[in-house]
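K.L.:
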Amino acid sequence: MTETDSPEGGTADHAHAAAQAPDVTIAGLTDLLVKAVRALGAAGEPDQASRVAAKAWWVLKDWPRQAERINGTMHYLAKLPQGRESATGD
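Note that my numbering has the sequence shown beginning at 148, numbered continuously upward.
1) Starting from A186, follow the alpha helix (DSSP H) in both directions and report where the run begins and ends.
2) Can you name, in chain order, every residue of its own chain whose Cβ lies under 6 Å from the Cβ of A214, other than the five neighbours on each side?
3) At the level of alpha carbons, what is the spacing between T220 and R185?
4) Can you give me the C-alpha to C-alpha distance between L224 and K182, rounded to a whole angstrom?
5) If you count every other CB in all the chains shown that lies within 10 Å of the CB of W211, and 16 or more means buried, which is it?
6) Leaving out the 5 sequence neighbours to the left and right, which residues in its chain are closer than 7 Å to Q229 when beta-carbon positions are compared?
Here you go:
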């Protein structure tokens, strides 16, 4: 391994670029989280999805754009039928 190689197989330049772009990383992870939380809600677990989204909002409160995306997701989840009983009609 050369001094510019990282243990993950990339170069030190790649690692440096990633360190210089935390907002891009946070935005990408927020995109994935929003999709996962929405899928959890649509699968009949909106309460659990809402709890995860609320924790994510707390973590992202210092990144207003991303926190606002999570807030919008929580509003989406609030409109879903709550609990498995509501989703199945029991």
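Quick reminder that beta carbons are idealized off the backbone N, C-alpha and C, glycines included.
P.N.:
The short version:
1) P169 to A189
2) W204, L207 and K208
3) Distance between the alpha carbons of T220 and R185: 7 Å.
4) 12 Å
5) First, the amino acid is wrong: residue 211 is Pro here, not Trp. Answer is exposed; the Cβ neighbour count stays below 16.
6) P193 and D194
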